[in-house]
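Novice:
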Amino acid sequence: PNANIVGRSGWNEWQIPLSDFAGVNPSRVDTMVIGVGNSTNPTAGGMGIVYIDDVGFGRPATTQ
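The sequence shown lines up with residues 38 to 101 when you count with the numbering used here.
1) Would you mind working out which of S56, S76 and P79 sits nearest F94, comparing C-alpha positions?
2) Quick check on DSSP: helix, strand or coil for P79?
3) Indicate the three-state DSSP secondary structure (helix, strand or coil) for F94 in the structure shown.
4) What is the DSSP secondary structure of I53, counted as helix, strand or coil?
5) Suppose you measure from the CA of V66 to the CA of R45; what does that come to, to the nearest Å?
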């Protein structure tokens, strides 16, 4: 994923391939965190608003 996407204006789609989760056992996932920046060295003080919308997993739902 490209962390610079948060600097773009307007709505942006960010798709993360399932292959990024290779080796993860989904039955052991208790919590999911969505963040921006360096996860190993987080820093406070960012500015602005990030809206998170339409988080999904798998295939898109079919419409009828």
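C-beta atoms are modelled at their ideal positions from N, C-alpha and C, and glycine is treated no differently. Just so we're clear, the structure is a prediction, and the values are computed from it rather than from any experiment.
Specialist: In short, the structure shows the following:
1) Minimum Cα-Cα distance from F94 among the listed residues S56, S76 and P79 corresponds to S56.
2) For P79, the secondary structure class from DSSP, reduced to helix, strand or coil, is coil.
3) F94 sits in coil when the DSSP states are folded into three classes, being neither helix nor strand.
4) Looking at I53 - three-state DSSP - the assignment turns out to be coil, as it is neither helix nor strand.
5) Going by the C-alpha atoms only, they are around 31 Å apart.
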